[in-house]
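Peer 1: Residue numbers (the UniProt record's numbering), protein chains in the order written: chain W, 1 to 323; chain X, 1 to 323.
1. Does the CB of residue 247 (chain W) have a neighbour CB from chain X at under 7 Å?
2. Please decide whether residue 125 (chain X) counts as near chain W, where near means a Cβ-Cβ distance under 7 Å.
3. Run through chain X and tell me which residues come within less than 7 Å of residue 210 (chain W), C-beta to C-beta.
4. Hey, is the region 211-219 of chain W in contact with the region 156-176 of chain W, meaning 3+ C-beta pairs nearer than 8 Å?
5. Please state the DSSP three-state secondary structure of residue 64 (chain W).
6. For residue 312 (chain W), does the count of other Cβ atoms within 10 angstroms reach 16, so buried, or fall short, so exposed?
7. How about residue 257 (chain X): is its C-beta nearer than 7 Å to some C-beta of chain W?
8. How many angstroms separate the CA atom of residue 346 (chain X) from the CA atom of residue 260 (chain W)?
9. Assuming residue 38 (chain X) is part of the beta strand (DSSP E), what are its boundary residues?
10. Under 9 Å between beta-carbons, which chain X residues line up against residue 225 (chain W)? List them in chain order, please.
11. Quick one: any contact between the region 197-216 of chain X and the region 226-243 of chain X, if contact means 3 or more CB pairs under 8 Å?
12. When DSSP builds the beta bridges, which residues end up paired with residue 95 (chain W)?
13. In chain order, what residues of the same chain lie with their CB nearer than 7 Å to the CB of residue 281 (chain W), ignoring the 5 residues before and after it?
14. List, in chain order, every chain X residue whose beta-carbon is nearer than 7 Å to that of residue 268 (chain W).
15. Please name the residues in the region 2-31 of chain X whose beta-carbon is closer than 9 Å to at least one beta-carbon of chain W, in chain order.
16. Which value, in whole angstroms, describes the spacing of the CA atoms of residue 318 (chain X) and residue 34 (chain X)?
17. Going by C-alpha to C-alpha distance, which of X:247, X:165, X:48 sits closest to residue 23 (chain X)?
18. What are the partner residues of residue 185 (chain X), as DSSP defines its beta bridges?
19. Once the 5 residues before and after residue 94 (chain X) are set aside, which same chain residues still bring their CB inside 7 Å of it?
20. Using a beta-carbon distance below 7 Å, is residue 218 (chain X) in contact with chain W?
21. Would you be able to state if there are at least three C-beta pairs under 8 Å between the region 281-297 of chain W and the region 273-290 of chain X?
22. List the residues of chain W whose Cβ lies closer than 9 Å to the Cβ of residue 243 (chain X), in chain order.
23. Under 6 Å: does the beta carbon of residue 154 (chain X) sit that close to some heavy atom of the ligand ATP?
24. Of all the options W:10, W:20, W:86, which has the alpha carbon lying nearest to the alpha carbon of residue 195 (chain W)?
25. Within 7 Å of any Cβ in chain W, is that where the Cβ of residue 197 (chain X) sits?
26. Cα separation between residue 111 (chain W) and residue 294 (chain W)?
27. Do you know offhand how far residue 28 (chain W)'s Cα is from residue 208 (chain X)'s?
28. Have a look at residue 271 (chain W) and residue 55 (chain X) and give me their C-alpha separation to the nearest angstrom.
29. Determine the DSSP secondary structure at residue 120 (chain W), reduced to helix, strand or coil.
30. Are the region 102-122 of chain X and the region 57-64 of chain X touching by the rule of at least three beta carbon pairs closer than 8 Å?
31. Per DSSP, what kind of secondary structure is residue 70 (chain W) in: helix, strand or coil?
32. With distance defined between alpha-carbon atoms, name the residue in W:314, W:315, W:266 nearest to residue 304 (chain W).
33. Is residue 264 (chain X) close to chain W, meaning its C-beta is less than 7 Å from at least one C-beta of that chain?
34. Quick one: what does DSSP say residue 52 (chain W) is sitting in, helix, strand or coil?
35. Going along the chain, which unbroken runs of the beta strand (DSSP E) with 3 or more residues stay wholly within the region 232-293 of chain W?
36. Which same chain residues, not among the five before or five after residue 324 (chain W), have their C-beta less than 6 Å away from its C-beta?
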């Protein structure tokens, strides 16, 4: 039996950081993510290969279970895969090829996409029926176990897909958007330390509360206006809101020399809107260029690691491609 | 007779742009500005030399007056000098050497400093007594005549000196600050078009009023907190507020690739606070590095046109150096 599965990555379009303070945010599942191919074996071997990082490991099932203990001292993307496999009992072994078709550790939800895609493939292999809600919930448990804390956004985006408005009460509301949302993602190849950056924003909030409240209010209004701009298909407004949000992220101290350069280069190349995405301090920017995405993509890709994507309206899926 | 005069330039420490919307701002007169040397002549010649731009012009007084008509089609820094001379009647001619010891057209108030310094020198030469308020008022009239519109801030800073808090009612209040405020000014050598930039902010304000109101509120709180930080000598707070204000200026669209690079480079070199100063779109940044100004200055000056300065507690002054 051969199973193929896919789970999308995500970008935060608006509201990174302020979502922690119960302000609205918008996340977009993208059509770049994690592809999984699971091939059944007749023996008890479990062979795991992860590309493009060239990770290969051979294990053996004992009584249908993996003998595996999570080692928190050395977190790796493979941990998420073992945590998934560890929750199931198997009649036979399998080969698992995991292809991470996006940037790792760059704020695009790679660990969530790996977890969700592997989970869906293995559920199909072990004949486990599960709703999307159950998948999202298990995947988030695994993220929390490995990361200590995890926002529900990443696993939700990989599970459900689409464009989601996270409201003031942390409810996830799909945004009705039936056009394409072409985006460019450029990676500065410096990893931000999310925990440290979130703590530095908290510190600034505690020191300068009234100023930060006004900045967060502006960010909240931007996310709310952006929801309307998406629903109305107002691409120029969306772009302007991205640029404003970028300045506010700079104001709260999560922008960097490299990210700012990428943002301004993208605008020079014709992008109408651009901003860092995710926690900042490194990672990626997104550029929105509805009028000439190819030109902007070409020029950005000459300077930085860059890919083009669109929203993924579907979330995780798996299918049997050979009986 | 030989007269020497000096008028300081200025930097906007906080509140550029929002001051137009009746929010508070802080301006600092700096100990770089315009030096004037006026030497009396026995004939009716008026020789004007402006350095470092190498402008020289010889004119002749007719009945003690200059025959001069302002040509608005071609604005030059010399216009301000002619406008001043034009308001007086002379017994004899004079040589006027004007040395602009700062950047021209870079948001540092060079035209105001030229106007105020020349005005003060000529008043002394023609035995005209005038209060500082009268000097500020005449200088502003001249700025309005030549520029069409002019904020009172530049001429006030060149006239009175010091650090001034412009409140919500546009009143200028001196801030009591008895330490030194060392600053670094770096010039990107691209001139921003102030009129266009102010109009673009107005456009953004009209399009996104509630968001811009929140951003302006944050900027107003920053200026108010900065006044207190100055009064308490809290240099680290001042630096943090500068960094936040920089992000907000980015959010309202007046930052550029070059300015952002200079801001982030200055922080990498050790500056605790840095931001663009003036209308943006080009011009200068200021870097505040109370702990290691020399190191930051050295590194910035290797990359950009840069000078070090402090606040000028005195405003314009003139004295007779030879009877």
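Even glycine gets a Cβ: it sits at the ideal position worked out from N, Cα and C.
What you are looking at is a predicted structure, and each value in this text was computed from that prediction instead of being measured.
Peer 2: Taking the geometry as given:
1. For the purposes of this step, residue 247 (chain W) is identified with residue 247 of the first chain, where counting begins at 1. Taking CB atoms only, residue 247 (chain W) has a neighbour in chain X less than 7 Å away.
2. Here residue 125 (chain X) refers to the residue found at position 125 when the second chain is read from its first residue. False, the Cβ-Cβ gap to chain W never drops below 7 Å.
3. For this step, residue 210 (chain W) is matched to residue 210 along the first chain. The contacting residues are 221.
4. Touching, no.
5. Counted from its first residue, the first chain places residue 64 (chain W) at position 64. Here residue 64 (chain W) sits in coil by DSSP.
6. The residue given as residue 312 (chain W) occupies position 312 in the first chain. So residue 312 (chain W) ends up on the buried side.
7. Along the second chain, one-based indexing puts residue 257 (chain X) at 257. Judged by the 7 Å Cβ criterion, residue 257 (chain X) is in contact with chain W.
8. The first residue shown for chain X is 1 and the last is 323, placing residue 346 (chain X) beyond what the model contains.
9. The count along the second chain starts at 1 and reaches residue 38 (chain X) at position 38. Per DSSP, residue 38 (chain X) belongs to the beta strand (DSSP E) from 25-40.
10. In the first chain, counting from the first residue as 1, residue 225 (chain W) sits at position 225. Result: 208, 210, 211.
11. no
12. As a working mapping, residue 95 (chain W) is identified with position 95 in the first chain. When DSSP reads this structure, residue 95 (chain W) sits in a beta bridge with W:39, W:47.
13. To locate residue 281 (chain W), count along the first chain from 1; it is residue 281. Here the set comprises 192, 193, 197, 254, 256.
14. The residue you call residue 268 (chain W) lines up with position 268 of the first chain. Under the 7 Å cutoff, chain X gives 257.
15. none
16. Walking along the second chain from the start, residue 318 (chain X) turns up at place 318. Walking along the second chain from the start, residue 34 (chain X) turns up at place 34. One C-alpha to the other measures close to 12 Å.
17. Residue numbering aside, residue 23 (chain X) sits at position 23 when the second chain is read from its first letter. Nearest of X:247, X:165, X:48 to residue 23 (chain X), Cα basis: X:165.
18. In the second chain, the residue the question calls residue 185 (chain X) occupies position 185. Paired residue(s): X:286, X:307.
19. Translated into the one-based positions of the second chain, residue 94 (chain X) becomes position 94. Within the same chain, residue 94 (chain X) has close Cβ partners 38, 39, 40, 41, 46, 125.
20. The residue labelled residue 218 (chain X) in the question sits at position 218 within the second chain. With 7 Å as the cut-off, residue 218 (chain X) counts as an interface residue toward chain W.
21. Contact fails: fewer than three Cβ-Cβ distances are below 8 Å.
22. The residue labelled residue 243 (chain X) in the question sits at position 243 within the second chain. Under the 9 Å cutoff, chain W gives 250, 251, 253.
23. Looking for the ligand ATP in the displayed structure turns up nothing, as the structure carries no ligands at all.
24. Residue 195 (chain W) sits at position 195 when you count from the first residue of the first chain. The shortest Cα separation from residue 195 (chain W) among W:10, W:20, W:86 belongs to W:20.
25. Residue numbering aside, residue 197 (chain X) sits at position 197 when the second chain is read from its first letter. Taking Cβ atoms only, chain W never reaches closer than 7 Å to residue 197 (chain X), which makes this a no.
26. Position 111 of the first chain, counting from 1, holds the residue named residue 111 (chain W). Position 294 of the first chain, counting from 1, holds the residue named residue 294 (chain W). Taking the straight line from one Cα to the other gives about 29 Å.
27. The sequence position of residue 28 (chain W) within the first chain is 28, counting from 1. The sequence position of residue 208 (chain X) within the second chain is 208, counting from 1. Their Cα atoms are separated by approximately 23 Å.
28. Along the first chain, one-based indexing puts residue 271 (chain W) at 271. Along the second chain, one-based indexing puts residue 55 (chain X) at 55. In a straight line, the C-alpha of residue 271 (chain W) is about 43 Å away from that of residue 55 (chain X).
29. Here the question's residue 120 (chain W) lines up with position 120 in the first chain. Reduced to three states, the DSSP call for residue 120 (chain W) is helix.
30. no
31. The residue labelled residue 70 (chain W) in the question sits at position 70 within the first chain. The answer is coil: DSSP assigns residue 70 (chain W) none of H, G, I, E or B.
32. Indexing the first chain from 1 puts residue 304 (chain W) at position 304. The option with the nearest alpha carbon to residue 304 (chain W) is W:266.
33. By 1-based counting over the second chain, the position of residue 264 (chain X) is 264. By this cut-off, residue 264 (chain X) is an interface position.
34. Reading the first chain from its first residue, position 52 is the one you call residue 52 (chain W). Residue 52 (chain W): coil per DSSP, three-state reduction.
35. 273-277, 284-288
36. Past the boundaries of the shown model lies residue 324 (chain W); chain W is included only from 1 to 323, so the question cannot be answered.
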